[in-house]
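Read the structure below first, then the notes.
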Amino acid sequence: MGGTGRKAAIVDLTHSPADEEFRAAARSWLAAHVPRTPLPSLETEEGFAAHRAWEAELAADRWSVVSWPERFGGRDAGLLRWLVFEEEYWAAGAPGRVGQNGVSLLAPTLFAYGTEEQRARVLPPMATGEVVWAQAWSEPEAGSDLAALTSRAVRADGGWRLRGQKTWSSRAAFADRAFGLFRSDPDAPRRHEGLTYLMFDLRAPGVTVRPIGRLDGKPAFAELFLDEVFVPDEDVIGAPGQGWRIAMSTAGDERGLTLRSPGRFLASAARLRELWRARGAPEHARARVADALIAARAYQLFTYAAASRVLDGARLGPESSMNKVFWSELDLALHETALDLLGADGELADGAWSEGYVFSLAGPVYAGTNEIQRDIVAERLLGLPKGRR
Amino acid sequence: MGGTGRKAAIVDLTHSPADEEFRAAARSWLAAHVPRTPLPSLETEEGFAAHRAWEAELAADRWSVVSWPERFGGRDAGLLRWLVFEEEYWAAGAPGRVGQNGVSLLAPTLFAYGTEEQRARVLPPMATGEVVWAQAWSEPEAGSDLAALTSRAVRADGGWRLRGQKTWSSRAAFADRAFGLFRSDPDAPRRHEGLTYLMFDLRAPGVTVRPIGRLDGKPAFAELFLDEVFVPDEDVIGAPGQGWRIAMSTAGDERGLTLRSPGRFLASAARLRELWRARGAPEHARARVADALIAARAYQLFTYAAASRVLDGARLGPESSMNKVFWSELDLALHETALDLLGADGELADGAWSEGYVFSLAGPVYAGTNEIQRDIVAERLLGLPKGRR
Amino acid sequence: MLFLLDAGQRALADTLHAMLSAADTPAAVRDWSRGDHTRGRALWSRIAEVGVFGLAVPEEYGGAGPHPVELAVAFVELGRHAVPGPLAETVAAAVLLAEPPLAERFLPGLAAGTDMATVAAPGGCALDGDAASLRLVPAPDGLCLSTAAPGPVRRSLDPARRLTALSPAGELLTPDAPYDRALTWTRLATAAQALGVGLALLDRTVTYVRQRTQFGVPVGSFQAVKHRLADAKTALEFARPLLFGAAVSLRPAEVAAAKLTACEAAYRTARTALHLHGAIGYTAEYDLSLWLSKARALRSAWGTPEECRDLVLTDGL
Amino acid sequence: MLFLLDAGQRALADTLHAMLSAADTPAAVRDWSRGDHTRGRALWSRIAEVGVFGLAVPEEYGGAGPHPVELAVAFVELGRHAVPGPLAETVAAAVLLAEPPLAERFLPGLAAGTDMATVAAPGGCALDGDAASLRLVPAPDGLCLSTAAPGPVRRSLDPARRLTALSPAGELLTPDAPYDRALTWTRLATAAQALGVGLALLDRTVTYVRQRTQFGVPVGSFQAVKHRLADAKTALEFARPLLFGAAVSLRPAEVAAAKLTACEAAYRTARTALHLHGAIGYTAEYDLSLWLSKARALRSAWGTPEECRDLVLTDGL
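Those protein sequence lines, which keep their order, are chains V, B, W and D.
For reference, each letter of the first sequence is one residue, going 1 to 389 in this note's numbering.
For reference, each letter of the second sequence is one residue, going 1001 to 1389 in this note's numbering.
For reference, each letter of the third sequence is one residue, going 2001 to 2317 in this note's numbering.
For reference, each letter of the fourth sequence is one residue, going 3001 to 3317 in this note's numbering.
Laid out in structure tokens, this is it:
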């Protein structure tokens, strides 16, 4: 019989000795540096500053962007090593990442479409937290339907002038710069065309930032009003008019491997089990705790399989939509179970799980609603007819 | 303040003394007559005969069709008394009703649209089980989309000739007669028009009945092949061409109050609690057992409220679609919980719950799929835009 | 047997709905969340004028009750308008203090709305201890009227619910109060309030998805959206008869079943409402948030889902 | 670390898939359900020729194993084709009998497919006792080879699963067999089989809703239909890495997690498949039924969901 007369050589979940060494190094650094008491909430001015300082501390020992090239502050860690780092990072109870918009959305775009000049200029201060990035995708009339954007970029001498309004700009209340899509050619024949991908300064003349409080009142995002904001040509990513294609590849990353690492959910599931035990292991939550542990493990192994396919030369396509649905529902289930375990105390806003709960509520909505993801799974993975919803 | 300065007079869940007397009479009759060992499955030839005999036994003491007028074998029981009867009937563990297609679908149609001659001829033998009716709605290309029917009724001397094919005709493997819609005017401008509601004999020349086994192999329904089957004019219900309107009112009944009485689910939920206790009250099923008890009670009270509105002069409209979704999901949940309580024995086909489980699987599909019901709730109760699915 | 609200009960609902719609209740909620109780107290007085707090108080003490069905009718409206304050707790107090001589002393003020009461939950916090004029603490030696200042306010996920620890230091009112009966009434009021919260969330979401367009069509024309809202509607409509059935019988297991079902339906509706509104629903400044966060908080207040289920299994329905 | 099937493993799947597709497996299943084992045995021999039963048997006893990953690969295909017979039970037997001197006596016949084995479940029935040539009974004093005639066949909700009581009367093979290890392998095989069942149900349903029209359009163009199938796809694709991860580690908790997850995904897919097929899916004569009923039966075979969860919570993942 073909291929079974030998030990399985490729289905292998053992990390290489070098990767295990890397894991050990990360673990010992984190053990020495992770703050013993949690930082104040990232969505407050004080907490934002504390998280920015934490990024600098990470960066000082080159732990802030491990997957980047060394010349930009990283460790050239491959996909698997990045997964290992994330497992250790979250298991150590380390703080949330204030630089995530930049690191997981903008940086991959710069690596793929930016110039070397842009990378050298933008990436190192991103790695240290010196410049924190906000995203500026959505507009009041363009949420899930990004192609409906109307904010303009108008050609000007040596650059562009932005006008219009962005909203749901996460981190923008306290961040330094932002990136997004602007309509540079309103006469383009199709609405996906004529969009340009730009970076701009949140403190530039003409920018007004209006913080928006999320459910718990914290200014987790903001509206941006842009009134003739000048952006030099050097801050355009890729060719003008190519913004949609460039952003879609970034959106793929957002949904895909790099937005929500399995390490987060493994750590949350382990904390949930601890909470369950601490509350006397109540029977009513037994199944949900077990299912959370299993789902976190499934997500980890699914991600390892996807990473292995990438290493094997494949590109990840619409399967990222399954990821998005899976992790967002898992995150919500984890936090709802935790609040239920807390009983009447579950409503207290200062509890260890409440901020995560509020955050998890947004999961099914952002980065493409789960409805859109299910449409993609049905149409592109299963081949069901398109277009009717 | 308006209306609160007195004892609540109308929100009243106490049955009248007369209704309680009726309940007691039903209970004592059932206690004396319900077979001690369950009858063989209704979906077998032997079981069908046994259930037909049971209908005769019920009818002998006028318990088979309590809501009908006395002259047709009933007790003129109003809606509330019918609900009381059903509670007692199922609580007593009495057999399934072989005459249900006729009693709950055809009879209301005859009361609303039939002639007195038709009622006098058709109803009494229906009440005794002497004539058991099958329904003949669906066709191979018209399942949920009943308006797509193509079986023909062609005008003939003194009546009509049927040709075409029906399918999923429940009870037809062993029943005597059937009722359904046939296209009498294929040139009608819209496909809902030109349909006629007819009754016909399953043993008439030209009728071929091919039983279809359901998942467990039992012939719970049949295909009907109709080759120039003569139907006299006296077996047309309402005016020719009015079949759609007539059938829709019957379909409303099917989904609404009369298809699945709360008594069934109250009895099933009570049996489920007994099973749970008998298995040692395992914690893993606690929530599901409690939820089944609560849902059965909710369904009972929802039905009492609906019946009260009817008694108050209202007509039940699209709210019946909520009923259909609710009871079908409750029925499935009840049976799945029971099988889970049985553990590995849950797969045995001869268990007390397995036939009910197989039956419950069909609930979300028949009498209008639950998707169609949700569309109706959304469009007709909530006013959401129609047409896109 | 006629399981229908009568004209007077429907009129009570209509009166409250009209009054609360006209009163800019959302502004009162937002003030309340910041600890400014002025508008909330004014609202409270007007609710008392309609007779709501008298529904749990017998006529001889200035009330019109006990009328649990009317109470449920009224609390559905209070929930529908996200009225702030220790509403269910004031009902609890009226039941706890229903025996003479406490009744003479406390009930008239509660019925008239001049007193606002809160009750400390077992081992937990009391709602709006900073606003209540009567702060009751069930303690081992009896029911105490707390005269010490309430503890600092702890925020709930619902900013309008301001939780404080209460000290039993003060006056021992009675060694034995009818705790079980009070819990039943409190749960009934909470169930009604939750149903109202769910109904408001559904209404607002239906309105939103009819006008909000994406991909060139109303969001409400997508089948996935329709079906989620149909499920919310069904869950709420099946909670409603459980609520009124429980009000009629006042059996603890029935009330627990209604509390569980109404709260679950409201919470599921909140999840749906949040999801279908997208990002705007997730903001504190948009009024939807007033109901969203309350749905979660009511779910665990005065009886978690598991406590309610246990009662159903123990006592039967 | 590379978590990918290799070319040989993929070829094993392809070989089995091609062979079983060509073999009119549904006819063999239907015969088997009636107690006619002729075609089923022929199929069994061909599966043995591909080496499937040797994957749990070491080379010295005529096998090629142990190769749990390849076993999982193969059992996915057996499930995908609804192959009848005591498949997981034959794997169980190979593990139970893996020590000399029993190994010499029994393993070559199992690896070669000349023996078909069944094992009585604790306190329960044995699958296909009427077809198996080796009937093993774990009894208090040890593992017995039952030589008494099996009891009468009890039908399962899956007609192809013919259950019989077994008497331990016969030969005591060993006082102590590796029951835990055998259970782990059996669960792994069952998990793989369930995943295959789920994948087949999904494939067939996708095909059906693409061609079936209602209201003038393919049923598969309705968003509610799409989303149910997307959920089924997602559930199955997340069960897959758990299965292969469990095959690599063979840790009992990981295998239990894979068993639970694959079986739940398959059962949810069965419910979706049945629902989206409408009435035709509900008929025994339509082939979909062969997988539908198996999804339910596998869910409780060799470990209920609760037993699996308990192991996850006790041993950790």
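Positions of the beta carbon are idealized from the N, C-alpha and C atoms, including for glycine.
DSSP beta-bridge partners of residue i
| i | result |
| --- | --- |
| D:Cys3144 | D:Val3137 and D:Leu3172 |
| B:Tyr1197 | B:Leu1181 and B:Ile1237 |
| V:Phe225 | V:Gln165 and V:Thr208 |
| V:Gln135 | V:Phe179 |
| V:Gln118 | None, per the DSSP bridge assignment. |
| D:Gly3065 | D:Pro3058 |
Inter-residue spacing [alpha-carbon to alpha-carbon] between residue i and residue j
| i | j | result |
| --- | --- | --- |
| V:Arg190 | V:Arg245 | 13 Å |
| B:Phe1072 | B:Gln1118 | 12 Å |
| V:Arg388 | W:Gly2054 | Here the model assigns V:Arg388 a pLDDT of 49, short of 50, so the residue's position is not dependable, and the following value carries that caveat. Going from the Cα of V:Arg388 to the Cα of W:Gly2054 covers about 54 Å. |
| D:Leu3229 | D:Leu3242 | 20 Å |
| D:Leu3298 | W:Thr2269 | 35 Å |
| V:Arg260 | V:Trp327 | 7 Å |
| W:Asp2180 | W:Ala2092 | 10 Å |
| W:Asp2031 | W:His2037 | 7 Å |
| W:Lys2294 | B:Ser1104 | 44 Å |
| W:Trp2302 | W:Arg2187 | 6 Å |
| D:Ala3177 | D:Val3083 | 28 Å |
| W:Thr2184 | B:Ala1060 | 48 Å |
| B:Phe1265 | W:Gly2316 | 15 Å |
| V:Ile237 | V:Arg214 | 31 Å |
| W:Leu2149 | W:Leu2166 | The question names Leu, but residue 2149 of chain W in the sequence shown is Ala. Distance between the alpha carbons of W:Ala2149 and W:Leu2166: 8 Å. |
Helix, strand or coil at residue i [DSSP, three-state]
| i | result |
| --- | --- |
| W:Lys2226 | helix |
| B:Asp1345 | helix |
| B:Gly1159 | strand |
| D:Ala2949 | Nothing can be reported for residue 2949 of chain D, as the shown portion of chain D is limited to 3001 through 3317. |
| W:Arg2155 | strand |
| W:Glu2285 | coil |
| B:Trp954 | Coverage of chain B is limited to positions 1001 through 1389, which leaves residue 954 of chain B absent and any answer about it impossible. |
| W:Thr2213 | strand |
| D:Pro3100 | coil |
| V:Phe302 | helix |
| V:Glu254 | Since pLDDT at V:Glu254 reaches only 46, below the 50 mark, its modelled position is unreliable, and no value is offered. |
| V:Asp12 | strand |
| D:Val3119 | strand |
| B:Arg1309 | helix |
Own chain residues within Cβ distance below 8 Å of residue i, not counting five before or after
| i | result |
| --- | --- |
| B:Ala1000 | Residue 1000 of chain B falls outside the range modelled here, since chain B spans only 1001 to 1389, and no answer is possible. |
| B:Ala1112 | Ile1246 and Ser1249 |
| B:Arg1255 | With a pLDDT of 47 at B:Arg1255, under the threshold of 50, the predicted position of this residue should be treated as unreliable, though the coordinate-derived value follows. Once the five neighbours on either side are set aside, the close Cβ partners of B:Arg1255 are Ser1320, Ser1321, Asn1323, Lys1324, Ala1367, Gly1368 and Gln1373. |
| B:Glu1088 | Arg1023, Ala1026, Arg1027, Leu1030 and Gly1263 |
Proximity to residue i [Cα-Cα], best of the options
| i | options | result |
| --- | --- | --- |
| W:Pro2108 | W:Ala2064, W:Pro2150, W:Glu2077 and W:Leu2071 | W:Ala2064 |
| W:Ala2022 | W:Ala2149, W:Leu2012 and W:His2081 | W:His2081 |
| V:Lys166 | V:Thr208, V:Asp157 and V:Phe85 | V:Thr208 |
| B:Glu1045 | B:Pro1211, B:Asp1331 and B:Gln1300 | B:Pro1211 |
| W:Leu2012 | W:Val2073, W:Glu2059 and W:Pro2175 | W:Val2073 |
| V:Ala32 | V:Gly363, V:Leu384 and V:Gly93 | V:Gly93 |
Contacting residues, own chain, Cβ-Cβ under 6 Å from residue i (five flanking each side not counted)
| i | result |
| --- | --- |
| D:Ala3132 | Pro3086, Met3116, Ala3117 and Thr3118 |
CB contact below 8 Å: residue i versus chain E
| i | result |
| --- | --- |
| B:Arg1075 | Of the protein chains in the structure, V, B, W and D, none is chain E. |
Residues near residue i by beta carbon distance below 7 Å, same chain, minus five either side
| i | result |
| --- | --- |
| D:Val3069 | Gln3009, Phe3244, Ala3247 and Val3248 |
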